[in-house]
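Trainee:
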Amino acid sequence: MKKVEAQQLAIEKSKLIIEYIVQILSDPEIVTATMEFLSYKVENQKMLILDINVPKRNFNRCLNLGITSDHDIVLFEQLFNDLLDTFLTHKTMGVTKYYSIKSMNQNFTGINAVNTIGSKILINFNSSGPEFTNLINIYQAKYKAFEESINNNCLNLNSGLKK
Numbered sequence: 025m026k027k028v029e030a031q032q033l034a035i036e037k038s039k040l041i042i043e044y045i046v047q048i049l050s051d052p053e054i055v056t057a058t059m060e061f062l063s064y065k066v067e068n069q070k071m072l073i074l075d076i077n078v079p080k081r082n083f084n085r086c087l088n089l090g091i092t093s094d095h096d097i098v099l100f101e102q103l104f105n106d107l108l109d110t111f112l113t114h115k116t117m118g119v120t121k122y123y124s125i126k127s128m129n130q131n132f133t134g135i136n137a138v139n140t141i142g143s144k145i146l147i148n149f150n151s152s153g154p155e156f157t158n159l160i161n162i163y164q165a166k167y168k169a170f171e172e173s174i175n176n177n178c179l180n181l182n183s184g185l186k187k
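Every number in the numbering used here is 24 more than the matching position in the sequence shown, counting from 1.
(1) Please name the residue in Asn82, Gln164 and Leu72 whose C-alpha comes closest to that of Thr56.
(2) What runs of the alpha helix (DSSP H), each 4 residues or longer, lie entirely inside the segment 25-81?
(3) Please work out which residues of its chain come closer than 6 Å, Cβ to Cβ, to Val138, disregarding the five sequence neighbours upstream and downstream, and give them in chain order.
(4) Less than 7 Å between C-beta atoms, sequence neighbours within five positions excluded: which residues of the same chain meet that for Leu103?
(5) Please identify the residue among Thr110, Ala34, Glu60 and Ile91 whose C-alpha is closest to the C-alpha of Val46.
(6) According to the Cβ coordinates, are Ile97 and Glu53 closer than 8 Å?
(7) To the nearest angstrom, report how far apart His95 and Thr120 are at their CA atoms.
(8) Tell me the rounded alpha-carbon separation between Ile147 and Ser173.
(9) According to the Cβ coordinates, are Asn10 and Met71 closer than 8 Å?
(10) Out of Asp51, Asn131, Leu33 and Met25, which one is the CA nearest neighbour of Thr116?
(11) For a quick check, are the C-beta atoms of Leu112 and Phe170 less than 8 Å apart?
(12) Within a Cβ cutoff of 7 Å, which residues of the same chain sit near Leu149, ignoring the five residues on either side of it in sequence?
(13) Using the three-state DSSP reduction, which class does Lys18 fall into: helix, strand or coil?
Okay, structure coming up:
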């Protein structure tokens, strides 16, 4: 698979992942779900797989994303941008900053997608390396810029109300 092919496919697959997130977070009851990116050999190629699990709804889906594991960064870059574009200004859903937990029982490197009633999806990217670290830094910078713009808007509103 060439990088250009992965980039074209990443747009479509990222939209699909966003649809799954919105659908899960639209459940009227509180649910906790996981999305985990994995790499499996499929027809002699290591492919990027997304394992989705919503235990409360007995929903489990394993999607072959059609992108080879060596181009996972291409998908992750598209997905990070789509997550921010979709959820930073959403009225009832959002995403957290990127975080990492490493312990004997758990290895999580990702974000949570959440809603206002308390549902959450733990999205585990299972990735590392300099390119991925660079993507995380860009994601965190965009997230921080959004937070600062919200804080500045609140400060401006508060100073306008005091007059």
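Beta carbons: idealized from backbone N, C-alpha and C, even for Gly.
Mentor: So, to answer that:
(1) Ranking Asn82, Gln164 and Leu72 by Cα distance to Thr56 puts Asn82 first.
(2) Within the segment 25-81, the alpha helix (DSSP H) runs of at least 4 residues that lie entirely inside it are, in chain order, 27-49.
(3) Once the five neighbours on either side are set aside, the close Cβ partners of Val138 are Gly118 and Lys144.
(4) Closer than 7 Å at the Cβ level, and outside the excluded window around Leu103, lie Ser38 and Ile41.
(5) For Val46, the nearest C-alpha among the options comes from Thr110.
(6) Between Ile97 and Glu53, the gap from beta carbon to beta carbon reaches 8 Å or more.
(7) Rounded to the nearest whole angstrom, the CA to CA distance from His95 to Thr120 is 24 Å.
(8) Straight across, the Cα-Cα distance linking Ile147 with Ser173 is about 26 Å.
(9) Past the edges of the chain, shown from 25 to 187, lies residue 10, and the structure says nothing about it.
(10) Among Asp51, Asn131, Leu33 and Met25, the Cα nearest to that of Thr116 is on Asp51.
(11) A contact, by the Cβ cut-off of 8 Å.
(12) Note on identity: in this sequence residue 149 is Phe, with Leu being the wrong assignment. Cβ neighbours of Phe149 within its own chain (closer than 7 Å, five residues either side excluded): Phe61, Phe100, Thr133 and Gly134.
(13) With the chain covering 25 to 187 only, the question about residue 18 has no answer from this structure.
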